[in-house]
Each structure stands twice: as C-alpha cells, then as structure tokens.
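Residue numbers (my numbering), protein chains in the order written: chain R, 1 to 488; chain W, 1 to 95.
Don't be surprised by glycine CBs; every beta carbon is placed ideally from N, CA and C.
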Amino acid sequence: MSQALHTLTLTQLAAGLERGEFSSVELAEALLGRIEAHGQTLNAFVTVTAERALAAAKRADDVRSEGGAGVLNGLPLVHKDIFCTRDVLTTCGSRMLENFVSPYDATVVERLADAGAVVLGKTNMDEFAMGSSNETSYFGPVRNPWNLDCSPGGSSGGLAAAVAARLTPAATGTDTGGSIRQPAALTGTVGLKPTYGRVSRYGMIAFASSLDQAGVITRCSADAALLLGVMAGFDERDSTCIDHPVPDYVSALSGSLKGLRVGIVRQHFDEGLDAQTGVAVKDALAVLESQGAILTEVDLPNLDLSVPTYYVVAPAECSSNLSRFDGVRFGHRAENPEDLFDLYCRSRGEGFGAEVKRRIMTGTYVLSAGYYDAYYLKAQQVRQLIADDFRKAFADVDVIAGPTAPTPAFKLGDKTDDPITMYLNDIYTIGANLAGLPGISTPCGLVDGLPVGLHLVGPHWGEEIVLNCAHQYEQQTDWHQACPGDFQ
Amino acid sequence: MSLDKDQVQHIATLARLSLADDEFAETVDKLSRIVDFVDQLSQAATADVVPMAHPLDAAQRLRSDQVTEPNIRDHVQENAPSTGNGLYLVPKVIE
Numbered sequence: 001m002s003q004a005l006h007t008l009t010l011t012q013l014a015a016g017l018e019r020g021e022f023s024s025v026e027l028a029e030a031l032l033g034r035i036e037a038h039g040q041t042l043n044a045f046v047t048v049t050a051e052r053a054l055a056a057a058k059r060a061d062d063v064r065s066e067g068g069a070g071v072l073n074g075l076p077l078v079h080k081d082i083f084c085t086r087d088v089l090t091t092c093g094s095r096m097l098e099n100f101v102s103p104y105d106a107t108v109v110e111r112l113a114d115a116g117a118v119v120l121g122k123t124n125m126d127e128f129a130m131g132s133s134n135e136t137s138y139f140g141p142v143r144n145p146w147n148l149d150c151s152p153g154g155s156s157g158g159l160a161a162a163v164a165a166r167l168t169p170a171a172t173g174t175d176t177g178g179s180i181r182q183p184a185a186l187t188g189t190v191g192l193k194p195t196y197g198r199v200s201r202y203g204m205i206a207f208a209s210s211l212d213q214a215g216v217i218t219r220c221s222a223d224a225a226l227l228l229g230v231m232a233g234f235d236e237r238d239s240t241c242i243d244h245p246v247p248d249y250v251s252a253l254s255g256s257l258k259g260l261r262v263g264i265v266r267q268h269f270d271e272g273l274d275a276q277t278g279v280a281v282k283d284a285l286a287v288l289e290s291q292g293a294i295l296t297e298v299d300l301p302n303l304d305l306s307v308p309t310y311y312v313v314a315p316a317e318c319s320s321n322l323s324r325f326d327g328v329r330f331g332h333r334a335e336n337p338e339d340l341f342d343l344y345c346r347s348r349g350e351g352f353g354a355e356v357k358r359r360i361m362t363g364t365y366v367l368s369a370g371y372y373d374a375y376y377l378k379a380q381q382v383r384q385l386i387a388d389d390f391r392k393a394f395a396d397v398d399v400i401a402g403p404t405a406p407t408p409a410f411k412l413g414d415k416t417d418d419p420i421t422m423y424l425n426d427i428y429t430i431g432a433n434l435a436g437l438p439g440i441s442t443p444c445g446l447v448d449g450l451p452v453g454l455h456l457v458g459p460h461w462g463e464e465i466v467l468n469c470a471h472q473y474e475q476q477t478d479w480h481q482a483c484p485g486d487f488q
Numbered sequence: 001m002s003l004d005k006d007q008v009q010h011i012a013t014l015a016r017l018s019l020a021d022d023e024f025a026e027t028v029d030k031l032s033r034i035v036d037f038v039d040q041l042s043q044a045a046t047a048d049v050v051p052m053a054h055p056l057d058a059a060q061r062l063r064s065d066q067v068t069e070p071n072i073r074d075h076v077q078e079n080a081p082s083t084g085n086g087l088y089l090v091p092k093v094i095e
C-alpha cells in the first residue's frame, strides 16, 4: 500500500479492493480508527456503528472472494442521521428522537447496503435539518476541520466535516435549501443535490416535502457520480419520486467542456458576496472558459425573493410534517401530563429546540386563517416566477455557475443571534430547491485558509451536465485535494 | 414588532407548543423579524401567476388499493412511550 487508506477517494478505494491491495475489513478498521481519534474533536458523529461496519466489511470480503460483488462492495460511507436505519438510532439531531429506532431502512440506506457499502456511522446535523451552521443540533455544534472555531455549515455539517477530515470518503446527505452544497463549500468537499424526485425520500425524515432531496458529499465529483447511480431511481414507496431513466453517471464524466454554455448571474456577484470569495469563483469561471466553455450573462430577476419565498414555503411544510411528533406514538413524551393538550404541548415544547419551534410557528402563522393568501399562496406564486426565470435562462445556457455561499466558514456563535443573517447563507443555493433543479458545489479556492465552493446548477435531470462540468474543473485544479492540516 | 405577545401565544397554541417563560420574549422578537423579512413578498407582482404545485409539474401518482405491508404493530410500538394491549395510552380524554 503506497498511500494511507484514508487519503484515497471512493473510486481509488474501489480499484484497490478490486486489485486485492487491501481488504474491506482493513479499510473499515483504518477509518474507524480515524473516527475514534478525531470524531469527538469535531463532534461529527451521533452514532458510530463499529461492530456492524466490521461485520459488513467481513461479508463484503467474503462476497468478493466468491465473485459477484456489488458496485460499492466493501466501500465505506456514513449516513446523515436523518435517514432511517433499522436497529440503529435515527435522531435527526433532536431530543425528540433521542431514543428512536426505526422499524425500517430508508430506500437510500437499503440501496447502498444492497450494493455492498459498509456504513461506519451516522452523522450530526442541524435539528431536523433546520439550520445552516450545525448549531441547532441537540447533540451540540460540529466543528470545521479547517478551523475548529468555525462552523462546517449546515444542516449536513457532521458529514461534511467527516469527509473533509478524511474520516470517511463519502456520505449521504439531504438538501432542502442548500444543506448539502453549503457545508460542502465551507469544508472543501464536493456536494451534490440531484433533481427533485431523482432519489427516493422514503425513510428520510421529512422537513419540507416539496424541497427535500437526498444527495451526497464526497471528495470528488467522480465519487458523487458513482453513488448517485446507486441511489437514484424510481421507488413506489415515495409518491413524489419520479420514474425517469437512470443514466450511467460515471461514463458521463468524459465529456469536453468545449462549447458548453455557462450562465453567469450578475446578482450573484453583488455586494452580498465576500470579495475574496468572488475572486476565487471568477478564477474558476476562467478555468471553465479555458476548457472551451462559453460564458454568458443570464438574468434571474426574482432571485432576491428566493430566500423570503423559501422561509414561507419550508416552514409551512415543516409545521405540517412535524405535527406527527405528538408524544404518543414515538419520540419524546413529557412527564406527568395534566391532560392530552398538556401532553402535546409539553412533549413538543421540550422535544424541539428553539429554531425548530420558530419554524413550526412561522409555518403555522403563514397557514393560519386570514394569512394563507397573503403568505403561502403568494409564496407559491413567487416560487413559480423563480422557476420561470430558471426555465428561461436554461433556454440559453447549459449550466449556471456562481458562488455556493456568500462567505467562507464563519465562527461558531457569530450568526446565532439573528435568524435572517443565518438564512441569507443559503441565498445562492435556495433557488435550485425552489425550482427542483440539480446543483453541485466543488472546491475552488482557499480564502484566509478556509475553503470556498463553485456552484453549478443544471436544468431538470441535468445531473450528468453538472457532474461532468465539476469533474472537468477538478481535472484542471487541485482544490478538491486540499486537506486541513491537522487531518492529513 | 410585527407580532405581539398575544399573537405569538395564539400561534404556539395552534402549533401545540409550550414555550418556557425565558424563551417567550426571544420567540416574539425573532418571529417578528422573520415575518417582517417575508413580508417583502407582498411587493412581488403575481397577478395571474399560477401558484406552483410541483417543481416538475408532475401529477400525483396513484396506486391500487392493496395491502403491501405486513402487520408489524408490536415492532412499531417499541418506540411508543406508553402502550397497553396494542393500544397507545394517553391521559383520559372523556370524563
């Protein structure tokens, strides 16, 4: 073995396993050792499933020796703690589900297991995926491996930190407003959010059902392509999962960027963007151009309204989805309730953290009698305008490129006082969720030692376009290989 | 403040959420800021715009009305705080 196993990507590990350079058990042991050494420093994990992982790795080695191994056979990964896993805790970062063990596996979990993946554990996250800094987790904030005083972003903070610190080569996540792409940008990893309906939401604890989509965080786009091929596809257990053919995403990575029309949105580079981040992103655009891409300015006139639209639609859906947590069937229950009403109110009041309560209440307000038309209906109309803007833009371009987040990682505690400041972190990513579009963030620079990301958004079902574009960029640059100093 | 204490208490009641005394003032302040923030939507010109129902204009899929899952009640109820004879137990509702 010429290189330590934790430094290798999923694609490299697959080749090494295939050539018999190391076993799945050796690989799992090496990474579990890394998690043991660094997991607590970062607070990246809620549950580490060491025994199960070693048993699964042993099975993977046996299967390989017998022939007929799945595409991910013996390859390690972690799940965001929002995906239901049979026999292992699923907390969603909440006191409400502190002791919850799902009776079934999420489709994503099932498909990856069937392909032979070895699950090392489940990662910390903002409570019910509501947050952009991983500070709303009941289990405490995650620390950014690039600077332990900084946030790794959120809500997929734990998995982003774990991938960045080389504790795992890959992770599943979810993205409702930027929860995969923003933490990927802030930790120097690759984050992919597919088209709405591309991946089944079955067994993925619901936050905002018209926006939620499962995806991955990896260290390169080729690994994201490999995983998406396994995760994507129709599932009759999710009524919003769309029956659309699944292409070979890995083979889509060979396309040239020559003639690719890349849209640039002028407002993405307005005063809200940190200047040095802007320079890094413009450098990345120049790299795409040098590969033959044609940069074109496009207009998204309603972009400014995307964050307020999101903060009506998402809370409205969350207030409805989270009504299932009633202290009766599962989840936290208050002690000694006076009556049923008291049982509901105190179980929910104690089980949910402050941000989740705010979002439920915002949603309750915008859906309540007399306010529905002014807020919810209005927001769904503006959402249509935003989707129309994208539709028009994609008539002229193949992909839209810009920054993933307005700044590099910020200090823990810096944005917790004002919800609006926190919400504006997702200003560049939320549009893709509102319109159901695929997006990817890939590392494109370091600003004062902290990573920043290039964001690429494609048309519906344009995963191959964004993956290939990010992959070609990664062939020309080595930002995605940068590793935080303490985690080499 | 766009929301007052009584409104916030009313919303909390609708949402079945108890708020501790020390979190109530902060909730009034932050919810007001959120409502002020989303109020900018009122300026958008949306006459004749059809509200979005689905990001890909997909229609609701239906399936035949057939049993697809086995009965795993006992397994499911392992997560329940209080059960008896296969039922979920709650404080007495009818006097």
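Chain W places a beta carbon closer than 7 Å to that of R/Pro419, counting this residue as a contact. Look at the stretch 195–214 of chain R: the residues with a C-beta under 9 Å from a C-beta of chain W are Thr195, Tyr196, Gly197, Ser210, Leu211. Per DSSP, reduced to three states, the secondary structure at R/Arg198 is coil, with no helix or strand assignment.
Where R/Ser24 is concerned, there is no enclosing beta strand (DSSP E), although the alpha helix (DSSP H) around it starts and stops at 24–42. Contact fails between the stretch 64–80 of chain R and the stretch 183–199 of chain R, because fewer than three Cβ pairs, one in each stretch, are under 8 Å apart.
For the pair R/Leu305 and R/Asp389, the CB atoms are not nearer than the 7 Å cut-off. Membership of R/Val307 in the alpha helix (DSSP H) is indicated by the continuous run 306–321. Burial check for R/Ser251: the Cβ neighbour count within 10 Å stays below 16, so the residue is exposed. Between the beta-carbon of R/Ala129 and that of R/Leu42 there is about 19 Å, and that puts the pair past the 8 Å contact cut. The straight-line gap separating the alpha-carbon atoms of R/Arg346 and W/Pro55 is approximately 36 Å.
Less than 7 Å separates the beta-carbon of R/Phe269 from that of R/Gly278. In this structure, the straight-line span from the alpha carbon of R/Pro419 to that of W/Gly86 is close to 43 Å. Scanning its chain for C-beta atoms nearer than 7 Å, with the 5 sequence neighbours on each side dropped, one finds around R/Gly255 the residues Asn468, in chain order. Taken through DSSP and simplified to helix, strand or coil, R/Pro183 comes out as helix. Taking 8 Å as the upper bound on Cβ-Cβ separation, chain W lies near residues Phe341, Asp342, Leu343, Tyr344, Cys345, Arg346, Arg348, Gly349, Glu350, Phe352, Ala354 of the stretch 341–354 of chain R.
Cβ contact annotation for R/Phe139 (same chain, cutoff 6 Å, sequence separation greater than five): Val46, Asn124, in chain order. For the pair R/Gln12 and R/Ala170, the Cα-to-Cα distance works out to about 12 Å. The secondary-structure analysis by DSSP pairs R/Thr9 with nothing; it has no beta-bridge partner. Positions of the beta strand (DSSP E) runs, each at least 3 residues long and wholly inside the stretch 321–406 of chain R, are given as 399–403 in order along the chain. The distance from the Cβ of R/Ile430 to that of R/Ala470 is about 20 Å, inconsistent with a contact at the 8 Å cut-off.
Among the residues of chain W, none has a CB under 8 Å from the CB of R/Pro443; the nearest is roughly 28 Å distant. The secondary-structure analysis by DSSP pairs W/Met52 with nothing; it has no beta-bridge partner.
R/Pro141 counts as buried, since no fewer than 16 other beta carbons sit within 10 angstroms of its beta carbon. Between the C-alpha atoms of R/Lys282 and R/Ser319 there is a straight-line separation of about 40 Å. A direct Cα-to-Cα measurement between R/Gly370 and W/Thr13 gives close to 17 Å. Considering only beta carbons, the part of the stretch 10–29 of chain W lying closer than 9 Å to chain R consists of His10, Ile11, Ala12, Thr13, Leu14, Ala15, Arg16, Leu17, Ser18, Leu19, Ala20, Glu23, Glu26, Thr27, in chain order. Shown in chain order are the members of the stretch 422–449 of chain R whose Cβ falls below 7 Å from a Cβ of chain W: Ala435, Gly436. Within the stretch 236–270 of chain R, those residues whose Cβ lies closer than 8 Å to any Cβ of chain W are, in chain order, Glu236, Ser239, Thr240, Ile242.
Taking all protein chains in view, the Cβ of R/Glu36 is surrounded by fewer than 16 other Cβ atoms within 10 Å, so the residue is classified as exposed. In terms of CA proximity to R/Glu464, R/Lys193 leads the group R/Gly154, R/Val119, R/Lys193, R/Thr49.
DSSP places R/Lys193 inside the beta strand (DSSP E), whose first and last residues are 190–193. Chain W places a beta carbon closer than 7 Å to that of R/Val328, counting this residue as a contact. Distance from the CA of R/Thr9 to the CA of R/Ser209, rounded to the nearest whole angstrom, comes to 32 Å.
Within the model, the alpha-carbon separation for R/Ile82 versus R/Pro183 is close to 16 Å. Only those residues of the stretch 369–389 of chain R whose C-beta falls short of 8 Å from the nearest C-beta of chain W are listed: Ala374, Tyr375, Leu377, Lys378, Ala379, Gln380, Gln381, Val382, Arg383, Gln384, Leu385, Ala387. Relative to the Cα of W/Asp57, the nearest Cα in the group R/His455, R/Gly485, R/Gly445, R/Leu437 belongs to R/Leu437.
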